[in-house]
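Read through the structure below, which is laid out as structure tokens, and then see the notes.
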Amino acid sequence: MKHATQVALIREIFRAMDRGVPPLADHIACNDVSAYTSAARDARERDVLFRRHPLVVGFSSQVRAPGDFLTEDLTPVPVLVVRNAAGDLRAFVNICRHRGARVVEGCGSGAVRFTCPYHAWSYDTDGRLVTIPDDFGFEGLDRGRHGLIPLPVEEQHGLVWVSPEPRGSVRVGELLGGLGDDLEAYGIASFVHQETRVLRRRMNWKLVSDTFWEAYHLHVLHRKNVGPLFVRNLALFEAFGRCHRLIGVHRSIERLRALPEREWSLVPHATILMNLFPNTVLVMQSDHAEVYRIFPAPDGANESLTAVSLLVPEPGPRWARTMELLIGVVEQDLALGEGIQRSFESGAIAQVTYGRFEPALEHFHRTIREALAAAPGGDARPA
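Using our numbering, you'd call the opening residue of the sequence shown number 33 and step up by one each time.
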């Protein structure tokens, strides 16, 4: 983030603090509970947002050298990402073309070939089928047409995006808009993946995302841990196309009032959250970054899987406590969210309401509705 932008944001923060009122949208907004419970809506989201849209599947630090690879099973199509011998990043459907087994599991380094554990068909790092044991039984098979199915892939800002649709595309710069400048300035590309944990909860994936998009709850739900660090109910929102940024303000920002503006820096005194549409939340802290990739579970609209990842400047054991702290905060949100999901499924209420200081929530759900309507087979009616 450019220094001039930081100064402008800090000025806005001080104005809001002085008047005792956060920035407000023009009006309150509502969202239908069916967005979290409808089977038809769930199926549409899986098709448009999770199969046709590029998704973050991992981190550049996991695949820096030739032979480094990662796999992802949370996506609707199992994904394999590998750095080939030429240093290019390649992505494939992680399914053997023989009988459909997963070709490889987990992450690793030094790969030259990937050998299916079922019948030992093997593929090189460009996805070519190179070995068929007892190949006399497959006379006439065109090996050139039986390699791993390639997927579009792109890496920017230390993140790896893949399109689960082989005929799709990945245009990260277009997707991020102005947020790309922020990510570049933060230097996340130089960060290293420390750890990822996957949390499964009985709640719609959007309910998980909702927990990030307002500061209103911090001094209530999180009053015994992170809440006291923040200025009460103060957050700055800005949209970047379908993505957006929300800045939660730390009480320590008061220290900047005594400094000249040329010495102002926002990051040490704020938690900066970015929604990377549709399902990734990147949280920039003063000394590390957190990435939350939120998916619908295979079971239906009321189940979600959240991959919680910690990115750090230098890996090491000291980050274990940081991971435990952030998981503790997230668990509070998820426990409450599971109760909200049950409330929605009871049929007792038809809508939820977003206050004028919750514009990020309105933007998040509106852009999802717009994306569903704009995709082939959609219409302009909000679900």
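Built from N, CA and C at the ideal position, the CB exists for glycine as well.
Q) Taking just the CA atoms, how far does Ala290 sit from Val230? A) 43 Å
Q. Whose C-beta lies closer than 6 Å to the C-beta of Met33 among residues of the same chain, with five residues either side of it excluded?
A. Here Met33 has Asp214 and Ala217 as same chain residues with Cβ atoms under 6 Å from its own Cβ, once five neighbours each way along the sequence are excluded.
Q. DSSP state of Val88, grouped into three classes?
A. strand
Q: Mind the definition here: the stretch 286-305 touches the stretch 313-322 only if three or more C-beta pairs lie below 8 Å; say whether that holds.
A: yes
**Q.** DSSP beta-bridge partners of Ala267
**A.** Gly280
(Q) Helix, strand or coil for Leu291? Go by DSSP, reduced to three states. (A) coil
(Q) Rounded to the nearest angstrom, what separates Asn307 and Gly159 at their Cα positions? (A) 32 Å
Q: Taking only the alpha-carbon atoms, compute the straight-line gap between Leu161 and Pro98 and give it to the nearest angstrom.
A: 19 Å
Q: Whole angstroms is fine: what's the gap from Ile164's alpha carbon to Thr157's?
A: 16 Å
**Q.** Selection from Ala407, Pro408, His395 and Arg374 that minimises the alpha carbon distance to Ser66
**A.** Arg374
Q | Exposure label - Asp100; buried when at least 16 CB within 10 Å | A | buried
Q.
With the cut-off set at 8 Å, would you say Ala247 and Gly280 are in Cβ contact?
A. Pairing Ala247 with Gly280 gives a Cβ-Cβ distance under 8 Å.
Q) With 16 as the cutoff for other CB atoms within 10 Å, does Phe269 come out buried or exposed? A) buried
Q. Three or more beta-carbon pairs under 8 Å between the stretch 119-134 and the stretch 345-352, yes or no?
A. no
Q: Kindly indicate which residue of Thr228, Val114, Gly200 and Ala36 has the alpha-carbon position closest to the one of Ile326.
A: Thr228
Q: Compute the Euclidean distance between the alpha carbons of Leu366 and Gly179, then round it to the nearest angstrom.
A: So the two alpha carbons sit approximately 41 Å from each other.
Q. Cβ of Val240 within 8 Å of Cβ of Leu250?
A. Cβ atoms of Val240 and Leu250: not closer than 8 Å.
Q | Close beta carbons around Gly273, own chain, < 6 Å, minus the five adjacent residues each side | A | Excluding its 5 nearest sequence neighbours in each direction, Gly273 has C-beta neighbours in its own chain below 6 Å: Gly209, listed in chain order.
Q: Report the partner residues of Trp193 according to the DSSP bridge assignment.
A: Val88 and Glu186
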